[in-house]
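S.K.:
2 protein chains.
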Amino acid sequence: MTTRETTAPTLRRDARENRDRILAAARAAFAAEGVDVPVEAIAERAGVGMGTLYRRFPTKDDLVQAVIEESLDAFVVAAEEGLADADPWTGFTGFVERVLELHVENRALREVLAGTEHGHARDAVRRRVRPLVRRLIERAHEDGSLRPDFAPEDMPLVFMTAGRVLEAGRGVAPDLWRRYLGLLLDGLRAGGATPLPRGPLTRAQMNRLLDRERR
Amino acid sequence: MTTRETTAPTLRRDARENRDRILAAARAAFAAEGVDVPVEAIAERAGVGMGTLYRRFPTKDDLVQAVIEESLDAFVVAAEEGLADADPWTGFTGFVERVLELHVENRALREVLAGTEHGHARDAVRRRVRPLVRRLIERAHEDGSLRPDFAPEDMPLVFMTAGRVLEAGRGVAPDLWRRYLGLLLDGLRAGGATPLPRGPLTRAQMNRLLDRERR
DNA sequence: ACCTAAACGGAGTGCTCACTCCGCTTCTGC
DNA sequence: GCAGAAGCGGAGTGAGCACTCCGTTTAGGT
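Quick mapping for you: the protein sequence lines, in order, are chains V and Y. 419 is the number that our numbering gives to position 200 of the first sequence; each next residue is one higher, with no gaps. 381 is the number that our numbering gives to position 162 of the second sequence; each next residue is one higher, with no gaps.
#1: Report yes if the CB atom of Y/Ala285 is closer than 7 Å to the CB atom of Y/Val348, and no otherwise.
#2: Go through its chain and collect everything with a Cβ distance to V/Leu302's Cβ below 7 Å, but skip five positions before and after it.
#3: In chain Y, which residues lie with their C-beta within 8 Å of the C-beta of V/Met374?
#4: Mapping DSSP to helix, strand and coil, what is V/Arg346?
#5: Please confirm whether Y/Met269 has its beta-carbon closer than 7 Å to some beta-carbon of chain V.
#6: Kindly indicate if chain V contains any beta-carbon less than 7 Å away from that of Y/Arg422.
#7: For the segment 396–412 of chain V against the segment 386–397 of chain Y, are there 3 or more C-beta pairs whose distance is under 8 Å?
#8: Can you find a C-beta in chain Y that's less than 7 Å from the C-beta of V/Gly410?
#9: Of the residues that make up the segment 294–318 of chain V, which ones have a beta carbon closer than 8 Å to any beta carbon in chain Y?
#10: Report buried or exposed for Y/Gly406, applying the criterion of at least 16 other Cβ atoms within 10 angstroms of its Cβ.
#11: Taking DSSP's pairing of strands, which residues face Y/Arg408 in a bridge?
#12: Using 7 Å as the limit for Cβ to Cβ distance, is Y/Arg397 near chain V?
#13: The alpha helix (DSSP H) that contains V/Glu372, what's its start and end?
#14: Using 8 Å as the threshold, is the segment 273–290 of chain V in touch with the segment 375–385 of chain V, meaning 3 or more CB pairs across them?
#15: Using a C-beta to C-beta distance shorter than 7 Å, which residues of chain V count as neighbours of Y/Val391?
#16: Measure how close the beta-carbons of V/Arg264 and V/Ala248 come, nearest whole angstrom, since I'm counting them as under 8 Å.
#17: List, in chain order, every chain V residue whose beta-carbon is nearer than 7 Å to that of Y/Asp405.
#18: Does the beta carbon of Y/Pro416 come closer than 7 Å to any beta carbon on chain V?
#19: Reducing DSSP to helix, strand and coil, say where Y/Gly313 ends up.
#20: Should Y/Gly449 be labelled buried (16 or more other beta-carbon atoms within 10 Å of its own) or exposed?
#21: For Y/Leu242, tell me which candidate among Y/Ala260, Y/Thr229 and Y/Val344 has the shortest Cα-Cα distance.
#22: So, are the CB atoms of Y/Gly313 and V/Gly411 less than 7 Å apart?
#23: Which complete beta strand (DSSP E) runs does the segment 246–273 of chain V hold, if anything under 3 residues is left out?
#24: With a threshold of 7 Å between beta-carbons, can V/Ala387 be considered close to chain Y, or not?
#25: So, is the C-beta of V/Leu328 closer than 7 Å to a C-beta in chain Y?
#26: Would you mind giving the Cβ-Cβ distance between V/Arg246 and V/Arg275, rounded to the nearest angstrom? I have them listed as a contact below 8 Å.
#27: May I have the straight-line CA-CA distance separating Y/His360 from Y/Asp373, to the nearest angstrom?
#28: Is Y/Arg408 buried or exposed, if buried means 16 or more other CB atoms sit within 10 Å of its CB?
#29: Taking 6 Å as the cut-off, is the beta-carbon of V/Arg389 closer than that to any non-hydrogen atom of the ligand ATP?
#30: Helix, strand or coil for Y/Asn237? Go by DSSP, reduced to three states.
#31: Would you call V/Val315 buried or exposed, if buried means 16 or more other Cβ atoms sit within 10 Å of its Cβ?
#32: Just confirm the distance between the C-beta atoms of V/Val318 and V/Phe294, as a whole number of angstroms; I'd bet it's less than 8 Å.
#33: I'd like the list of long-range same chain contacts for V/Glu320, defined as Cβ closer than 7 Å, with 5 residues on each side in sequence excluded.
#34: Can you look up V/Thr229 in the DSSP assignment and give me helix, strand or coil?
#35: Can you tell me the Cα-Cα spacing of V/Gly268 and Y/Pro375, whole angstroms?
See below:
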């Protein structure tokens, strides 16, 4: 008996190849058409049958999650780069921009993070990035560049809305989101901040809000 | 022969009653569940059969459009009220707020205007409101309160994004959109405005962008 | 070579919807 | 009242999709 790996039943070579092909196809298909592409289209693109695909990924959600995972590292790296920036403000905005650039490349990422559904994958990402984001915001608060009433719980709103613009502009004005983000970021600056009509979400509310979107 | 109305073939009394009941049911159903409610649910709620509903509204789109039309006047009134405000800035922001309040009441309105589909109905609304909005923006520009690089073609972004927040907050934090709008409006003020990374959409681009969303 | 567990493919299933068809019922003008 | 046009209901149709079943093929250890 060889060492008992947690869950690595060593796929047969053909199986492993197919798995990779499926992931590549899914990545491309999601990027091109959004997570709504029929599973069948992905199977075809990958040159495998439905059965094959479903044995590897028992659920469409699993497939989505696997594709997302590939962007996860880039996401964390973006946050770390932001923290590495000497200027807390450009560190913060640079992070936001970088994440949105990832959204451009990977439509699934946006659709999951901005939360139309697939809550499970989203939770995983969020857990990992949350502390970094919190620190990014704290830094910009201490520095006096970010308006003090902006809370970490407001971040989903930023991604949600910018993501919406990004999606709308796809194919017509691919960088329109940068303009929108410019407007919004000017609103986040400490400079001309005006009292807001209500407080941020509590963390529980935020979770509930994002969860409700799973459908 | 009585006067030839453009298209008023004088429905039979029962037909007219049913038509009204269908509209009422649709309004309620859309508000409660969004435009995705099955047509069947509306028919049931109205106490009529599918056949009846479809004879009156040959397409689900027609039904959506009819419901929207009911909010149209309120929409125009909001713009006129904004123009009546002596202060161009509060006139502008008051209009935006009022429109979003309409979105709260009438989920279909948002789903159509913010442009997930049903482009036809949207076009009708836009044609009617556009000149008023243009004037609202001009006034605030002349007054120096609205950042000069904000263009009328940016308005859809405002409604699109605020509407997104509104929808996300529904049932958890119904007034969350007001907070988001506060942030964004601070970004629209002339005060701390920073150069934007790209220009606004051309009108043609805007139309294309909104049209693409019809699916 | 050979044998068998693993892997494969794609037609089939079940579900949700928008939309249609048609035999029956009800207004309404004469 | 009574024709017959106008209206009605709701089972049925077709299309799109996620997901399953099972007879066939193949990798790879011996």
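The beta carbon of each residue, even a glycine, is placed where N, CA and C say it ideally should be.
M.R.: On the basis of the coordinates in this document:
#1: In the second sequence, residue 285 of chain Y corresponds to position 66, counting from 1. In the second sequence, residue 348 of chain Y corresponds to position 129, counting from 1. Contact: no.
#2: Counted from its first residue, the first sequence places residue 302 of chain V at position 83. Closer than 7 Å at the Cβ level, and outside the excluded window around V/Leu302, lie Gly310, Leu351, Arg354 and Leu355.
#3: Counted from its first residue, the first sequence places residue 374 of chain V at position 155. Ordered by position in chain Y, no residue passes the 8 Å Cβ test against V/Met374, which lies about 12 Å from the chain.
#4: Residue numbering aside, residue 346 of chain V sits at position 127 when the first sequence is read from its first letter. Secondary structure at V/Arg346: helix, using DSSP grouped into helix, strand and coil.
#5: Residue mapping note: residue 269 of chain Y aligns to position 50 of the second sequence, counting from 1. By this cut-off, Y/Met269 is not an interface position.
#6: The residue you call residue 422 of chain Y lines up with position 203 of the second sequence. No, Y/Arg422 does not count as interfacial toward chain V.
#7: The segment 396–412 of chain V makes no contact with the segment 386–397 of chain Y; the number of CB pairs closer than 8 Å stays below 3.
#8: Residue mapping note: residue 410 of chain V aligns to position 191 of the first sequence, counting from 1. For V/Gly410, a Cβ of chain Y is located within less than 7 Å of the residue's own Cβ.
#9: Of all residues in the segment 294–318 of chain V, none has a Cβ within less than 8 Å of some Cβ in chain Y.
#10: Along the second sequence, read from residue 1 onward, the residue named residue 406 of chain Y stands at position 187. By the 10 Å Cβ count, Y/Gly406 comes out buried.
#11: On the second sequence, position 189 is the one that residue 408 of chain Y refers to. Per DSSP, Y/Leu365.
#12: By one-based count along the second sequence, residue 397 of chain Y stands at place 178. It does: the Cβ of Y/Arg397 has a partner Cβ on chain V nearer than 7 Å.
#13: Taking the first residue of the first sequence as 1, we reach residue 372 of chain V at position 153. Where V/Glu372 is concerned, there is no enclosing alpha helix (DSSP H), given that its DSSP letter is neither H nor E.
#14: Flag = no, the segment 273–290 of chain V and the segment 375–385 of chain V do not touch.
#15: The count along the second sequence starts at 1 and reaches residue 391 of chain Y at position 172. Within chain V, the residues near Y/Val391 are Gln424, Arg427, Leu428 and Arg431.
#16: On the first sequence, position 45 is the one that residue 264 of chain V refers to. On the first sequence, position 29 is the one that residue 248 of chain V refers to. Yes, V/Arg264 and V/Ala248 are in contact; Cβ-Cβ is about 6 Å, under 8 Å.
#17: Residue 405 of chain Y sits at position 186 when you count from the first residue of the second sequence. Within 7 Å Cβ-Cβ: Gly406, Gly411, Ala412 and Thr413.
#18: Sequence index remark: in the second sequence, residue 416 of chain Y carries index 197 (1-based). Cβ-Cβ to chain V under 7 Å: yes for Y/Pro416.
#19: Translated into positions along the second sequence, residue 313 of chain Y becomes position 94. In the three-state scheme derived from DSSP, where H, G and I count as helix and E and B as strand, Y/Gly313 is classed as helix.
#20: Examination of residue 449 of chain Y is not possible in this model, given that chain Y is present from 220 through 434 alone.
#21: Mapped onto the second sequence, residue 242 of chain Y falls at position 23. Nearest to Y/Leu242 by C-alpha distance, out of Y/Ala260, Y/Thr229 and Y/Val344, is Y/Ala260.
#22: Numbered from its first residue, the second sequence carries residue 313 of chain Y at position 94. Numbered from its first residue, the first sequence carries residue 411 of chain V at position 192. Not a contact, by the Cβ cut-off of 7 Å.
#23: Within the segment 246–273 of chain V, no complete beta strand (DSSP E) run reaches 3 residues.
#24: Counting from 1 along the first sequence, the entry for residue 387 of chain V is found at position 168. Cβ-Cβ to chain Y under 7 Å: yes for V/Ala387.
#25: Sequence index remark: in the first sequence, residue 328 of chain V carries index 109 (1-based). V/Leu328 is outside the set of residues whose beta carbon lies under 7 Å from a beta carbon in chain Y.
#26: Sequence index remark: in the first sequence, residue 246 of chain V carries index 27 (1-based). Sequence index remark: in the first sequence, residue 275 of chain V carries index 56 (1-based). In this structure, V/Arg246 and V/Arg275 do not form a Cβ contact; the two beta carbons are roughly 14 Å apart against a cut-off of 8 Å.
#27: Translated into the one-based positions of the second sequence, residue 360 of chain Y becomes position 141. Translated into the one-based positions of the second sequence, residue 373 of chain Y becomes position 154. A straight-line Cα-Cα distance of about 14 Å links Y/His360 and Y/Asp373.
#28: On the second sequence, residue 408 of chain Y is found 189 positions in, with the first residue counted as 1. Label assigned to Y/Arg408: buried.
#29: The model depicted lacks the ligand ATP and carries no ligand whatsoever.
#30: Position 18 of the second sequence holds residue 237 of chain Y. Note: Y/Asn237 maps to helix in three-state DSSP.
#31: Your numbering for residue 315 of chain V matches position 96 in the first sequence. By the 10 Å Cβ count, V/Val315 comes out buried.
#32: Here residue 318 of chain V corresponds to residue number 99 of the first sequence, with the count starting at 1. Here residue 294 of chain V corresponds to residue number 75 of the first sequence, with the count starting at 1. Correct: roughly 6 Å between the Cβ atoms.
#33: The residue you call residue 320 of chain V lines up with position 101 of the first sequence. Short of 7 Å from the beta carbon of V/Glu320, and not among the five residues preceding or following it, lies no beta carbon of its own chain.
#34: Here residue 229 of chain V is taken as the residue at index 10 of the first sequence, counted from 1. Under the three-state reduction of DSSP output, V/Thr229 falls in the coil class, being neither helix nor strand.
#35: Within the first sequence, the letter at position 49 stands for residue 268 of chain V. Within the second sequence, the letter at position 156 stands for residue 375 of chain Y. C-alpha separation (whole angstroms): 43 Å.
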